[in-house]
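Chains as they are written, first to last, in this note's numbering: chain A, 1 to 199; chain B, 10001 to 11059. No residue lacks a Cβ here, since even glycine has one placed at the ideal position from N, Cα and C. None of the values given here were measured: they were computed from a predicted structure.
Below, the structure is given as structure tokens:
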């Protein structure tokens, strides 16, 4: 009875209407904001949104027996296999692994990488990223990865694929769309985009 | 009632605040009330004008603190706190800025200081990390439309508003215009209307053999695809990479493309069983960004796509992140097929990424095997000015009036190279599924098979048709007998073969000429990376006078990904200086790649290819007949803004065709050849040529600066008899500032780095003869020597020697028109000058103020007759009487009424220039580079006879196509039926590519709808309440306690405003 009476009061109705109007307006304005934000898809980070990543991290156990390796395929001269070895193309074994005994082969090579996790050689980036101690960093990245990366990083299945994908140049690597933020060190395994160099 | 007004006012505040909030984000905070006008247009005649008013006001107590560098939010607040600690300010705080950028370091902060603002500002300014403190401004922008008839056909302001329209665009065409590829309308009606393009290419033969594309993953990068389209049975995944929250195709472009590849019913595609992966990278407004592509491409690599169709292109081959990513993609064994572009029939219009060596670039033909008018053509312009462009497109196929899937259902027909591209992508998918050993299929081997099997079209040159028309069944045969190997594109060099080897065949070579360069692409099917073993060997055939030519070879140090270049420079040996005849030989190249499936470590696959060379030699022509084209000072497509030479061409603001005699100056070149001149190209500084060989140096529309050494050398050359013709163009700094625009794609302002030509630099060059161009900007029709002429945005001559001949005309002052929208006619504008230098045997100089009439792009009336007349003057010293006795002849201008143009302050020419480099203060010329030096290959003569037919010899080695047989090969006859009246041949894509439009559509329609909705709701309540008020009697019987109810609103109205 009290409730009914209360509902009849004009100011109550007004407040209800006002609140719903505010909700309506803020949600539409927010939507608009979102479309603006989406233009720079990857700079956006929605705190309530987390991508459902399912990466199985390898423990970096080199004693594990592997008969067949995946490797980074694309390199001009270098390749990185899934155990983190970087080698020259001529030192690649038939099973796709690097020849560990070749003089130039190195595991977990971070030679061209800077402190911010950006490297000038893609293969070094992948190798460095495969280092077991980078797991925490990568997990943190996955937890806060932006929505624009959702497609990519939910499809990634293990540590190696994650490193292959993370090290590639992406929307985070560019300024003004058609120039690299840092043309020297553009392959990043770390969380932050390459350091911005003036054009 | 007061309640209602309150809500209305809140609503109004909210809605007005919204746009102004957006305004502050981009407002430059430095201008107050600067109105700019922009036009909304229907075709050429504007009806509505959109006026943008812009004003700013200072917000009290708020200040922008700008730091010396980029710091994190924590560091920034720390700096401000420490700066304010010393002052008396107590009541201050940092205004939170909640936007995506706030996660990243920034160089400014907004601070609110309520008390003792003065001292605190001073103490803030003293802090070492703080650059400056300025008051926060609020920017208001309002838009209003007003009717703007009568139709005045020039609107300068709107055209630059739209951003670079020539960026990546989807390559399909609207209806109507391109519909008529045949020239006779009667013939069009009886044109072959194909049932399916797949059937014409005899895909059904492969279908009958059980190959339908199964197991091949195809990525379609386009405008998306709706979920339940009836034509597709195997859509594996759809992903969206745009800012529109949909996966569906709102344009029909993506559906059509996917249909040509994989539709299974009605208009059948090539590979109905292939696995389709739809990547939506293009919005319904045809907007896309490089960054979207980068992420989508990464996903395609992760998902291990086999074939990728990109019916999208743009001129920006200097977009390194994009180009690198495409290389990365093909390096990961994704076969990229891309459309060559719809900018034909102009030459020099190839689009990226189709112009890359590792990508299969597809041009379009109609069903009568004519190159479609729209198909982009001409060599690539990457290699200019020192080198020569590559052969592209790789292959052509049907792209005009092809039928494919409609947006929701059914079939439509569409034209454009974006149609031709999926035809090849579909064929590639189908072909890939026929190969048992998939290991053998890679981007190079597929391309090798396609170009080796393509059928050459008669009468079309290689820069239009590439290797010819796609032949699916022959490609099947080649691919199924394929052994990993290297091959060349083009596979031979015959400089005498016309028309296929145009432009090489249009001018024989002779002793003393600039070396002829042929840019051959090496395709390496053996592996993603490879190298050339030792050095290529030049073997002249002695019986065929091979020793009469010298050959120099340069090549990519590493062939990656799957391809590299092999540049052959050919020159005539001294002993053939007065010889005429044909010389032949070949270049032998061995390519090696690491063997991946070899059991022994370090094994290599090798492949040796022969490149036959055949050239026609003539005796060296006389000096007067030889014209040198200055290419070095013309800039090819740069990432900077070099405006069009004709300011009226609004939808095409950039000058991007390379300015080469074989791209957009092709007609001029053909004309000069037909007049008997020999035209050579100077791809190095002016200091690098022997001027005694040439009659005339032709400098047209140069954007580049000049080395001081060049200026000195040219002056000496002219004293010794070299003549110079300069076709200049406009340069006016006010106009340049006016034509700047905001580019949505790169999100920055584009300010021109030169005008149409670099007039200040040209003035430096010609000043030694007492000549100069002005900063005027003129336009108009006139008659000169009985020829109709059109002056399209050119300058005038400001200074000329007394004894020269100067022709003046009456023109419109276009500068005034651009700047103030006023029309003014100017009499006696000096536009042409002829001058004989006084020294003994000295050369002659001719200046003309506009280059548009010899440029193929946007040319309205050609002036080749004028070029002839000028060449007559420069080469032979004969002044045509029509010019020397013209009634328009005037006394040469000696004093400058107008100031000579100064270089635009703050221009970025040095970024793209080969001459300037950034220097403290002003850019300075670099040290003069060394002239290019060719090291001629040591010939290894062969005493054997050359093969008689060069191009019919096998393009791929060890391919035995006869081994692969096809069951019941039947001749396919396309059905011919007349076009029924209601049926349209082409189909519309609404509007052009307008990247700038997207903002209005997404950003502004939602609040408008919200506003309208809110107003409707509000109106309803207002009506309800007023009704209640005006009829209190009706309420009485229903309400039990009227007294209470009537009082209660009164008691509350006093309070509500304070809420």
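| request: Identify the contact partners of residue 176 of chain A in chain B, using a Cβ-Cβ distance below 8 Å as the criterion. | output: Along the first chain, read from residue 1 onward, the residue named residue 176 of chain A stands at position 176. Correct list: 10746, 10747 and 10748.
| request: Tell me whether residue 10616 of chain B sits in a helix, a strand or coil according to DSSP, three-state version. | output: Against the second chain, residue 10616 of chain B aligns to sequence position 616. The three-state secondary structure of residue 10616 of chain B, taken from DSSP, is strand.
| message | Within 10 Å of its beta-carbon, does residue 39 of chain A have 16 or more other beta-carbons around it, so buried, or fewer, so exposed? | response | In the first chain, the residue the question calls residue 39 of chain A occupies position 39. Residue placement at residue 39 of chain A is flagged as unreliable, the pLDDT there being 37, under the threshold of 50; a coordinate-derived value is accordingly withheld.
| Are the Cβ atoms of residue 10242 of chain B and residue 10283 of chain B separated by less than 7 Å? | Residue numbering aside, residue 10242 of chain B sits at position 242 when the second chain is read from its first letter. Residue numbering aside, residue 10283 of chain B sits at position 283 when the second chain is read from its first letter. The answer is yes: Cβ separation under 7 Å.
| query | Which residues does DSSP pair with residue 10574 of chain B in a beta bridge? | reply | In the second chain, residue 10574 of chain B corresponds to position 574, counting from 1. According to DSSP, residue 10574 of chain B bridges with nothing at all.
| The alpha helix (DSSP H) spanning residue 10326 of chain B covers which residue range? | Position 326 of the second chain, counted from the first residue, corresponds to residue 10326 of chain B. Start and end: 10320-10331.
| query | Taking Cβ positions only, does residue 152 of chain A come closer than 7 Å to chain B? | reply | Within the first chain, residue 152 of chain A is the residue found at index 152, counting from 1. Put simply, the CB of residue 152 of chain A is near chain B, with a gap under 7 Å to one of its CB atoms.
| In this structure, what does DSSP give as the bridge partners for residue 10518 of chain B? | On the second chain, position 518 is the one that residue 10518 of chain B refers to. B:10568.
| said: For chain B, check one thing: does any of its Cβ atoms lie closer than 7 Å to the Cβ of residue 194 of chain A? | reply: Indexing the first chain from 1 puts residue 194 of chain A at position 194. Residue 194 of chain A is outside the set of residues whose beta carbon lies under 7 Å from a beta carbon in chain B.
| field | Stretch pair the stretch 10519-10532 of chain B + the stretch 10384-10398 of chain B: three plus CB contacts closer than 8 Å | value | Because the criterion of three Cβ pairs below 8 Å is met, the stretch 10519-10532 of chain B and the stretch 10384-10398 of chain B touch.
| message | Using 7 Å as the threshold, is the C-beta distance between residue 10267 of chain B and residue 10426 of chain B below it? | response | As a position in the second chain, residue 10267 of chain B is number 267, starting the count at 1. As a position in the second chain, residue 10426 of chain B is number 426, starting the count at 1. Result no, Cβ atoms of residue 10267 of chain B and residue 10426 of chain B do not sit closer than 7 Å.
| Taking the runs of the beta strand (DSSP E) that are 3 residues or longer, which of them lie wholly in the stretch 10631-10694 of chain B? | For the beta strand (DSSP E) assignment, the uninterrupted runs of no fewer than 3 residues enclosed by the stretch 10631-10694 of chain B are, from N- to C-terminal side, 10678-10682.
| Check whether residue 10287 of chain B and residue 10371 of chain B have beta carbons under 7 Å apart | Stepping through the second chain from its first residue, residue 10287 of chain B is reached at position 287. Stepping through the second chain from its first residue, residue 10371 of chain B is reached at position 371. No, these two residues do not count as a Cβ contact at 7 Å.
| request: Assign residue 11020 of chain B to buried or exposed, taking buried as 16 or more other Cβ atoms, counted over all protein chains shown, within 10 Å of its Cβ. | output: The count along the second chain starts at 1 and reaches residue 11020 of chain B at position 1020. Classification of residue 11020 of chain B: exposed, given that the 10 Å Cβ count is below 16.
| request: Tell me whether the beta-carbon of residue 10076 of chain B lies closer than 7 Å to the beta-carbon of residue 10091 of chain B. | output: Indexing the second chain from 1 puts residue 10076 of chain B at position 76. Indexing the second chain from 1 puts residue 10091 of chain B at position 91. Cβ atoms of residue 10076 of chain B and residue 10091 of chain B: not closer than 7 Å.
| said: Please classify residue 10696 of chain B as buried or exposed, where buried requires at least 16 other C-beta atoms within 10 Å of its C-beta. | reply: As a first step, residue 10696 of chain B must be located in the second chain, where it is residue number 696. It is buried - the Cβ of residue 10696 of chain B has at least 16 other Cβ atoms within 10 Å.
| At least one CB of chain A closer than 7 Å to the CB of residue 10656 of chain B: is that the case? | Looking up residue 10656 of chain B in the second chain gives position 656. No, no contact with chain A.
| query | Interface residues of chain A around residue 10239 of chain B at Cβ under 7 Å? | reply | Sequence index remark: in the second chain, residue 10239 of chain B carries index 239 (1-based). By Cβ distance, chain A contributes 151.
| Any beta-carbon of chain B closer than 7 Å to the one on residue 4 of chain A? | Residue 4 of chain A sits at position 4 when you count from the first residue of the first chain. No, residue 4 of chain A lies away from the interface with chain B (no Cβ there is under 7 Å from its Cβ).
| message | I need the DSSP call for residue 9979 of chain B, collapsed to helix, strand or coil. | response | Nothing in the structure corresponds to residue 9979 of chain B, since chain B is present only between 10001 and 11059.
| the stretch 159-174 of chain A contacting the stretch 112-128 of chain A, beta-carbon criterion three pairs below 8 Å | Contact holds between the stretch 159-174 of chain A and the stretch 112-128 of chain A, because three or more Cβ pairs, one in each stretch, are under 8 Å apart.
| Starting from residue 10298 of chain B and walking both ways along the alpha helix (DSSP H), at which residues does that stretch end? | For this step, residue 10298 of chain B is matched to residue 298 along the second chain. Unbroken alpha helix (DSSP H) run through residue 10298 of chain B: 10290-10302.
| query | Should residue 10122 of chain B go down as buried or exposed, given a rule of 16 or more other Cβ atoms within 10 Å for buried? | reply | Looking up residue 10122 of chain B in the second chain gives position 122. Exposed is the call here.
| said: Check whether chain A comes within 7 Å of residue 10558 of chain B, counting only Cβ atoms and requiring the distance to be less than that. | reply: Indexing the second chain from 1 puts residue 10558 of chain B at position 558. Closer than 7 Å to some Cβ of chain A, the Cβ of residue 10558 of chain B qualifies, so yes.
| query | Between the stretch 10413-10423 of chain B and the stretch 10304-10313 of chain B, are three or more C-beta pairs nearer than 8 Å? | reply | They touch, by the three-pair rule.
| Among A:195, A:178, A:188 and A:191, which one has its Cα closest to the Cα of residue 10290 of chain B? | Taking the second chain and counting its residues from 1, one reaches residue 10290 of chain B at position 290. When each option's Cα is compared against that of residue 10290 of chain B, the closest is A:178.
| Does any CB atom of chain A fall closer than 7 Å to the CB of residue 10294 of chain B? | On the second chain, residue 10294 of chain B is found 294 positions in, with the first residue counted as 1. Yes, residue 10294 of chain B lies at the interface with chain A (some Cβ there is under 7 Å from its Cβ).
| field | Simplified DSSP state of residue 11132 of chain B, which is helix, strand or coil | value | Coverage of chain B is limited to positions 10001 through 11059, which leaves residue 11132 of chain B absent and any answer about it impossible.
| request: Within its chain, find whatever has a CB closer than 6 Å to the CB of residue 9949 of chain B; leave out the 5 residues flanking it on each side and keep chain order. | output: It is not possible to answer for residue 9949 of chain B, since the shown part of chain B is limited to 10001 through 11059.
| request: Evaluate residue 10759 of chain B with the Cβ neighbour count: other Cβ atoms within 10 Å of its Cβ, from every protein chain shown; 16 or more gives buried, anything less gives exposed. | output: Counting from one through the second chain, the residue named residue 10759 of chain B turns up at place 759. Residue 10759 of chain B is buried by the Cβ-count criterion.
| field | Same chain, Cβ closer than 7 Å to residue 10407 of chain B, five either side skipped, listed in chain order | value | Numbered from its first residue, the second chain carries residue 10407 of chain B at position 407. Sequence-distant partners of residue 10407 of chain B (beyond 5 residues in either direction) whose C-beta falls short of 7 Å from its own C-beta, in its chain, are 10249, 10252 and 10255.
| field | 8 Å CB neighbourhood of residue 10869 of chain B in its chain, flanking five on each side removed | value | Your numbering for residue 10869 of chain B matches position 869 in the second chain. For residue 10869 of chain B, where only same-chain residues beyond five positions count, the Cβ hits under 8 Å are 10785, 10880, 10882 and 10883.
| field | C-beta atoms of residue 10889 of chain B and residue 10807 of chain B nearer than 7 Å | value | Translated into positions along the second chain, residue 10889 of chain B becomes position 889. Translated into positions along the second chain, residue 10807 of chain B becomes position 807. Yes, the pair counts as a contact, with Cβ atoms nearer than the cut-off.
| query | Do the stretch 10832-10844 of chain B and the stretch 10798-10807 of chain B touch if we need at least three Cβ pairs shorter than 8 Å? | reply | Yes, they touch.
| DSSP state of residue 10376 of chain B, grouped into three classes? | Locating residue 10376 of chain B in the second chain gives position 376, counting from the first residue. In the three-state reduction of the DSSP assignment, residue 10376 of chain B falls in the coil class.
| Would residue 180 of chain A count as contacting chain B if we go by Cβ distances under 7 Å? | Position 180 of the first chain, counting from 1, holds the residue named residue 180 of chain A. Judged by the 7 Å Cβ criterion, residue 180 of chain A is in contact with chain B.
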